[in-house]
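In full-length UniProt numbering, the protein residues as written are 1 to 248.
As structure tokens, this is what we get:
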């Protein structure tokens, strides 16, 4: 890949000048925490913690970047399986995948597969790929996106994503700025692929028993003592310091 395209220091999201400032920008995922999460209390009435105190849940939600829909899309999905999309934007915002992408024997056989088309292209450092997936720990009942890994350092790729329209019947809008995918860059050289599968030895059994007992005695031990801040999620979003985020 040419030096003029590759980024050696950071992830970059780029679009044509005519769209810049007119379409919603990708944002760090920790700045797109959904409204329902931000408004949830930290504890229930009985004092038990809600999911806002679960660090693994929050880490997944805030890792990487959220890429939003560029403009409003009108969707008309009928009981007979007919699905029509309309938008008023200068370039297509989605298209139907070619027939035959999935075999009839697959779980997706006979299902229409579309693809969200994003004006945003991505640059990443050398040896980096990106996981493109549905925004994690959110629930989008209208559509579900497929996950994919793109070796984004090998080209200048758009962040397009196949999806299935799920909610039938439906007659309404997918609004401009709706979170479409979560993009998580990672270094391919850091992937751990070797593994070992066996029973625990006596020392490991003792450690496991101790861990289980500590979890009973200190329910918040992982959060308070074991959790490690992640560079990719940037900050711990207790309730988000700017009070902003996704309304979805």
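Glycine included, every Cβ here is placed at the ideal spot set by N, Cα and C.
Bear in mind the structure is a predicted one, so any value in this text is a computation, not a measurement.
Close beta carbons around residue i, own chain, < 6 Å, minus the five adjacent residues each side
i: residue 149; result: 129, 131
i: residue 188; result: 127, 129
i: residue 86; result: 74
i: residue 15; result: 119, 120
i: residue 168; result: 77
Cβ neighbour criterion (16 or more within 10 Å) applied to residue i
i: residue 64; result: buried
i: residue 111; result: exposed
i: residue 156; result: exposed
i: residue 59; result: buried
i: residue 173; result: exposed
i: residue 202; result: exposed
i: residue 88; result: exposed
i: residue 82; result: exposed
i: residue 3; result: Low local confidence applies: a pLDDT of 48 at residue 3 is under 50, so the model's placement there is unreliable, with the coordinate-based value given in what follows. Exposed, by the Cβ-count rule.
i: residue 200; result: exposed
i: residue 30; result: buried
i: residue 40; result: exposed
i: residue 197; result: exposed
i: residue 122; result: buried
Beta-bridge pairing of residue i - partner residues as DSSP gives them
i: residue 133; result: 182
i: residue 142; result: DSSP, once it has assigned bridges, lists no residue as partnering residue 142.
i: residue 114; result: 96, 163
i: residue 76; result: 84, 171
i: residue 227; result: Residue 227 is not bridged to any residue.
i: residue 43; result: 49
i: residue 123; result: 12
i: residue 65; result: 28, 183
i: residue 148; result: 132
i: residue 158; result: 121
Same chain only: Cβ atoms within 7 Å of residue i, ignoring 5 sequence neighbours per side
i: residue 170; result: 75, 77, 142
i: residue 222; result: 55
i: residue 57; result: 51, 137
i: residue 124; result: 7, 11, 130, 152, 153, 185
i: residue 263; result: This structure does not reach residue 263, given that the chain is present from 1 up to 248, and the question cannot be answered.
i: residue 227; result: 55
i: residue 103; result: 109
Cut-off 8 Å between Cβ atoms - residues of its own chain near residue i, not counting five sequence neighbours on either side
i: residue 20; result: none
i: residue 147; result: 131, 132, 133, 134
i: residue 166; result: 141, 142, 143, 144
i: residue 224; result: 218
i: residue 44; result: 50
i: residue 261; result: The requested residue 261 does not occur in the structure, where the chain is confined to residues 1 to 248.
i: residue 18; result: 90
i: residue 214; result: 221
Cβ separation of residue i and residue j, assumed to be a contact under 8 Å, to the nearest whole Å
i: residue 176; j: residue 71; result: 5 Å
Test: residue i CB closer than 9 Å to a CB of chain C
i: residue 154; result: Here there is only one protein chain, and chain C is not present.
May I ask you to verify whether the region 157-164 touches the region 110-126, counting CB pairs closer than 8 Å and requiring at least 3? Yes, the region 157-164 is in contact with the region 110-126.
- Query: Is there contact between the region 177-190 and the region 132-148, where contact requires at least three CB pairs shorter than 8 Å?
  - Reply: The answer is yes - the region 132-148 touches the region 177-190, with three or more Cβ pairs under 8 Å.
Handout entry: contact_flag[the region 210-221, the region 95-110] where n(CB pairs < 8 Å) is 3 or more
Key = Touching, no.
With a threshold of 8 Å, are at least 3 pairs of Cβ atoms found where one atom belongs to the region 16-31 and the other to the region 65-73?
Flag = yes, the region 16-31 and the region 65-73 touch.
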